[in-house]
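Worksheet: one structure, shown below.
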Amino acid sequence: MNTRRLPVYLLLDTSGSMNGEPIQSVNVGLKSMLSSLRQSPYALESVHIAVTTFNSLVEDVMPLTALEMVNLPEIVCPKSGATNLGAALEHVCERVRKEVKKSTADTKGDWRPLLFIMTDGKPSDTLAFTEVIPVVKACNFATIVACAAGPKSDPTSLHKLTDNVVHLDTMDSATFSGFFEWVTATVNSGSMSMGATTSLTLPPPPPEVNIVL
Amino acid sequence: MATATKPKTIKLTASDGSAIEFIDEIKASGGMKDVYFSPSKKYVVAFFRGKPPIGLKDRLLVITDSYRTRIFENVGGDYWKNVYCWPTSVVEHDGRIGVVVPFYDQPFFFMHGSRNNDMLGIKGHEKQGKWFASANNRAKFIDPRELGDWSKHLRLCIQISRAVRRMHSAGLAHSDLSYKNVLVDPSTGRACLIDIDGLVVPGKYPPEVVGTPDFIAPECVMTTHLNKDDPNRKLPCIATDQHALAILVYMYLLYRHPLRGDKVHDLNDPQKDEEISMGAKALFVEHPLDKANSIKAANLKPSELPWKDTAKIPFTVTGPYLSALFRRAFIDGLHNPSARPTANDWETALVKTVDLIQPCSNTACEQEWFVFDNTTQPACPFCGTPFHGKLPVLNLYSSQRAGNFRPDNHRLMVYSNQSLFLWHAKLSVVPNEKITEEQKKRVGYFVFHGNKWYLVNENLPDLIDMTDNDNRVSIPLSDKVELKDGQKLLLSKEAGGRLVIVQMVDA
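In the order they appear, the protein sequences are chains D and E. Using the UniProt record's numbering, the first residue of the first sequence is number 1, and each one after it goes up by one. Using the UniProt record's numbering, the first residue of the second sequence is number 1, and each one after it goes up by one.
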């Protein structure tokens with residue numbers, strides 16, 4: 001019997017403005033997210049993680065990898081670069097279509113994937129962004145959580161993707177770690193409660209994060 | 001952004017008038033509650049998040065008060081302190097309702113944690129049952145010193161069944177039995193029920209629990225889409241606990257799920273497929289006639305073997321008493337709640353199964369113990385090592401009226417240094433929470449010496465070899481009797497006293 005995988009896609013902004021403390025904080029946050037996910041017997045059985053970064057270019061930092069095998073590379077970001085969120089989403093949707101296993105008559109496929117997006121700016125490729133929205137919806141993610149980090153981020157455009165938009169006022173390590181703790185809790189409860197209810201209930205966010213309504 | 005200040009200690013008076021303190025810092029979060037520690041670390045305070053639902057406080061008060069006293073201040077009361085983490089009082093703070101719960105016992109925290117010098121960093125964490133109920137987690141992650149042997153798993157299942165049996169006999173249903181809410185320590189064979197605040201109490205507003213996937217009864221899965229007040233909606237109750245208990249026992253003894261097979265019901269939507277395969281079309285993976293949901297060995301990962309290969313390790317390795325209950329739970333009672341075995345059935349069968357186990361002669365066998373399979377060529381089903389030598393099997397009979405003995409469907413497998421207890425000698429003594437210290441002492445033991453098996457009489461004043469009716473031989477205390485095929489030994493003359501008929505297997 002195949003144990004269903006729970007694919008988790010992380011889409012991270014590495015545009016120029018993330019350079020410095022923000023990207024450091026993201027790296028720290030990712031590492032602690034991985035180690036705390038590895039302490040869950042549920043997550044270890046199902047969670048697979050993929051990391052994609054985007055600036056002017058979209059890059060797969062890590063293919064869809066079983067949690068226990070993940071060896072996360074340091075995420076770096078250039079001094080400058082645009083926020084091509086539209087192209088990045090298009091790319092992730094392509095990956096989902098290719099990587100997420102469908103059920104066949106005699107093997108169980110994957111759970112519906114989760115998508116986490118973190119960006120500190122507005123999409124630079126506005127047309128591509130607008131066009132990709134229906135494509136994202138068609139990907140049938142179980143949950144999409146978008147994080148608008150810092151004062152220049154744009155929660156409004158993210159709202160077109162999902163109702164779950166969180167806004168981080170600042171971009172320091174404490175704030176990011178709070179966010180990644182929340183991502184961890186969401187993935188964890190996802191790996192534990194898949195099959196319980198039809199939609200995934202998000203755990204309460206940490207106090208530093210504002211949910212944009 | 002919050003600045004790092006030392007959290008305050010908050011003082012409260014609980015529902016029972018006791019003074020309660022907790023440090024205002026969330027230490028753990030569950031599905032519905034946030035947990036805070038007391039400065040003494042003797043108890044925790046768990047607050048329900050958000051506005052309390054209707055009836056919550058009322059229900060918690062009866063759980064912490066009348067039901068708690070009824071169970072703990074009765075025969076065997078002390079026993080229950082080990083198998084329940086029962087909330088002791090109710091507190092209110094900032095519009096939230098919370099329960100005061102004793103801190104878990106030390107054995108329920110990992111002492112060694114994971115393999116490779118605790119690579120996962122779980123040392124000191126709670127021993128959630130899921131770590132131990134999965135073949136993959138056991139093989140890949142958990143330090144072998146934490147895993148215990150098969151006899152310890154039998155023992156912890158006894159404790160779970162006993163704890164559930166006691167609740168049910170008080171009319172209470174746990175409502176969310178799962179490996180999340182049962183802490184286990186396989187290294188010592190202990191188990192403890194936690195999250196007891198979700199109990200369904202007769203006559204009180206039911207708790208808002210959905211249950212935990214893997215453990216929700218099919219009738220509940222099938223009706224989750226209905227409103228809670230809909231008369232057709234099936235809510236957690238004693239019968240759904242019985243389903244969850246059967247799954248727990250199956251998973252702790254066989255390290256796989258009884259309903260998770262390879263049958264796919266919906267090609268496009270995994271969620272829907274899950275609902276059907278745990279609900280309307282739930283089917284035992286080892287159903288003897290309907291193989292539709294059997295586990296395909298070809299799809300398995302090496303770390304899941306041999307446990308998920310049901311041909312290699314069928315449920316019948318658990319012996320005749322438990323096999324009969326698994327059939328009732330997963331074949332007859334899966335979609336027919338009234339046919340499910342009760343917690344008492346499980347407890348009795350598990351206790352009797354302890355008498356069927358044999359140590360594996362392979363010193364490297366991870367399970368160390370196995371249930372004798374009633375054949376003339378016994379072998380450990382887990383590692384395949386055959387048993388060689390003379391194996392005495394004691395068949396127990398008890399007297400219904402003077403001189404008439406009827407079979408009890410109870411066997412005792414003998415191994416060297418195996419103990420004989422009063423509950424083997426007398427039907428009236430049952431090894432459960434009611435047993436006295438005096439009754440816990442062994443009354444005899446078995447030893448293999450000079451190629452012969454002996455029973456040494458330590459405290460059976462009535463022990464008589466009745467094989468030859470014309471020549472009954474009394475075996476005095478501290479004397480021994482050699483075991484022989486066809487021998488009849490009377491263990492006690494009392495009503496309900498046991499007669500043993502020895503069978504000698506030569507393998």
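Ideal placement from N, C-alpha and C gives every residue a C-beta, glycine not left out.
Distance check for residue 201 of chain E and residue 42 of chain E, CA to CA, integer angstroms please. Taking the straight line joining both Cα atoms gives about 27 Å.
Hey, is residue 184 of chain D's beta-carbon within less than 8 Å of any beta-carbon in chain E? No, residue 184 of chain D lies away from the interface with chain E (no Cβ there is under 8 Å from its Cβ).
Thinking C-beta only, is residue 46 of chain E closer than 8 Å to residue 508 of chain E? Nothing can be reported for residue 508 of chain E, as the shown portion of chain E is limited to 1 through 507.
Meets three-Cβ-pair contact criterion under 8 Å: the stretch 298-306 of chain E and the stretch 129-148 of chain E: Yes, the stretch 298-306 of chain E touches the stretch 129-148 of chain E.
Let me check understanding here. Comparing Cα to Cα, which of E:209, E:163, E:221 and E:132 lies closest to residue 184 of chain E? E:132 is the residue among E:209, E:163, E:221 and E:132 whose C-alpha sits nearest the C-alpha of residue 184 of chain E.
In whole angstroms, what separates the C-alpha of residue 310 of chain E from that of residue 218 of chain E? CA-to-CA, the gap between residue 310 of chain E and residue 218 of chain E works out to about 22 Å.
Taking just the CA atoms, how far does residue 287 of chain E sit from residue 198 of chain D? Caution is warranted here: a pLDDT of 48 is assigned to residue 198 of chain D, below 50, making its placement in the model unreliable, and the coordinate value is therefore given only provisionally. Take the alpha-carbon of residue 198 of chain D and the one of residue 287 of chain E: they are about 28 Å apart.
Is the shortest distance between the beta-carbon of residue 535 of chain E and the beta-carbons of chain D less than 8 Å? Past the edges of chain E, shown from 1 to 507, lies residue 535 of chain E, and the structure says nothing about it.
Quick one: list the residues of chain E neighbouring residue 35 of chain D, beta-carbon separation under 9 Å, in chain order. Going along chain E in sequence order, the residues near residue 35 of chain D (Cβ under 9 Å) are 120 and 121.
Within 10 Å of its beta-carbon, does residue 506 of chain E have 16 or more other beta-carbons around it, so buried, or fewer, so exposed? By the 10 Å Cβ count, residue 506 of chain E comes out exposed.
Sort out for me which residues DSSP pairs residue 91 of chain D with in a bridge. None; residue 91 of chain D has no bridge partner.
When the Cα atoms are used, what is the spatial distance from residue 406 of chain E to residue 496 of chain E? Going by the C-alpha atoms only, they are around 10 Å apart.
Determine whether the Cβ of residue 195 of chain E lies closer than 8 Å to any Cβ atom of chain D. Residue-level contact check: residue 195 of chain E does not touch chain D, since none of the beta carbons of chain D fall below 8 Å from its beta carbon.
Buried versus exposed, by CB contacts within 10 Å (16 or more), residue 178 of chain E: Buried: at least 16 other Cβ atoms inside 10 Å.
Can you name the start and end residues of the beta strand (DSSP E) that residue 21 of chain E belongs to? Looking at the DSSP string, the run of the beta strand (DSSP E) that includes residue 21 of chain E is 19-23.
Return the chain-ordered list of same chain residues with a C-beta closer than 6 Å to the C-beta of residue 198 of chain E, the five sequence neighbours on each side being excluded. 175, 176, 207 and 209, listed in sequence order.
The stretch 229-238 of chain E in contact with the stretch 255-275 of chain E per 3-pair CB rule at 8 Å: The answer is no - the stretch 255-275 of chain E does not touch the stretch 229-238 of chain E, with fewer than three Cβ pairs under 8 Å.
Counting only C-beta atoms, is residue 485 of chain E closer than 8 Å to chain D at any point? No, its Cβ sits nowhere closer than 8 Å to a Cβ of chain D.
Going by DSSP, which residues form a beta bridge with residue 98 of chain E? DSSP lists E:47 and E:91 as partners of residue 98 of chain E.
Of the residues E:116, E:87 and E:91, the one placed nearest residue 104 of chain E, counting alpha carbons only: Nearest neighbour of residue 104 of chain E by Cα position, chosen from E:116, E:87 and E:91, turns out to be E:87.
Which of the three DSSP states, helix, strand or coil, is assigned to residue 388 of chain E? Residue state for residue 388 of chain E is assigned as coil, using DSSP reduced to three classes.
Do residue 151 of chain E and residue 369 of chain E have their beta-carbon atoms positioned less than 8 Å apart in this structure? Yes. Within cutoff.
Per DSSP, what kind of secondary structure is residue 48 of chain D in: helix, strand or coil? Residue 48 of chain D falls in the strand class under three-state DSSP.
Does the Cβ-Cβ distance between residue 270 of chain E and residue 120 of chain D come in under 8 Å? No, these two residues do not count as a Cβ contact at 8 Å.
Under the rule that 16 or more other beta-carbon atoms within 10 Å means buried, what is residue 104 of chain D, buried or exposed? Exposed, because fewer than 16 other Cβ atoms sit within 10 Å of the Cβ of residue 104 of chain D.
My output table needs one value for residue 122 of chain D: the three-state DSSP class, helix, strand or coil. In the three-state scheme derived from DSSP, where H, G and I count as helix and E and B as strand, residue 122 of chain D is classed as coil.
Does the count of Cβ pairs from the stretch 380-391 of chain E and the stretch 463-481 of chain E closer than 8 Å reach three? No: the two stretches stay apart, fewer than three of their Cβ pairs being nearer than 8 Å.
For residue 379 of chain E and residue 241 of chain E, I'd like the C-alpha separation in whole angstroms. One C-alpha to the other measures close to 35 Å.
Rounded to whole angstroms, what's the CA-CA distance from residue 248 of chain E to residue 214 of chain E? Just pull it up for me. When rounded, the distance between both Cα atoms is 9 Å.
Are the C-beta of residue 1 of chain D and some C-beta of chain E separated by less than 8 Å? Legend: pLDDT at residue 1 of chain D = 47, less than 50; position of this residue unreliable, value from coordinates given subsequently. With its beta carbon less than 8 Å from one in chain E, residue 1 of chain D belongs to the interface.
First and last residue of the uninterrupted beta strand (DSSP E) at residue 461 of chain E: No beta strand (DSSP E) contains residue 461 of chain E, which DSSP labels as neither H nor E.
Taking 7 Å as the cut-off, is the CB of residue 22 of chain E close to at least one heavy atom of the ligand ZN? Ligands are entirely absent from the displayed structure, and the ligand ZN is therefore not among its contents.
Can you tell me whether residue 227 of chain E is buried or exposed, with buried defined as 16 or more other CB within 10 angstroms of its CB? By the beta-carbon neighbour count (other beta carbons within 10 angstroms, threshold 16), residue 227 of chain E is exposed.
Contacting positions in the stretch 23-48 of chain D - beta carbon closer than 7 Å to chain E: Only 35, 38, 39, 41, 42, 44 and 45 from the stretch 23-48 of chain D bring a Cβ to less than 7 Å from some Cβ of chain E.
Coarse secondary structure for residue 215 of chain E, derived from DSSP in three states: When secondary structure is reduced to three states using DSSP, residue 215 of chain E falls in the coil class, being assigned neither helix nor strand.
Residues, ordered as in the chain, of the stretch 131-160 of chain D that lie near chain E by beta-carbon distance below 7 Å: Listed by position along the chain: nothing, the set is empty.
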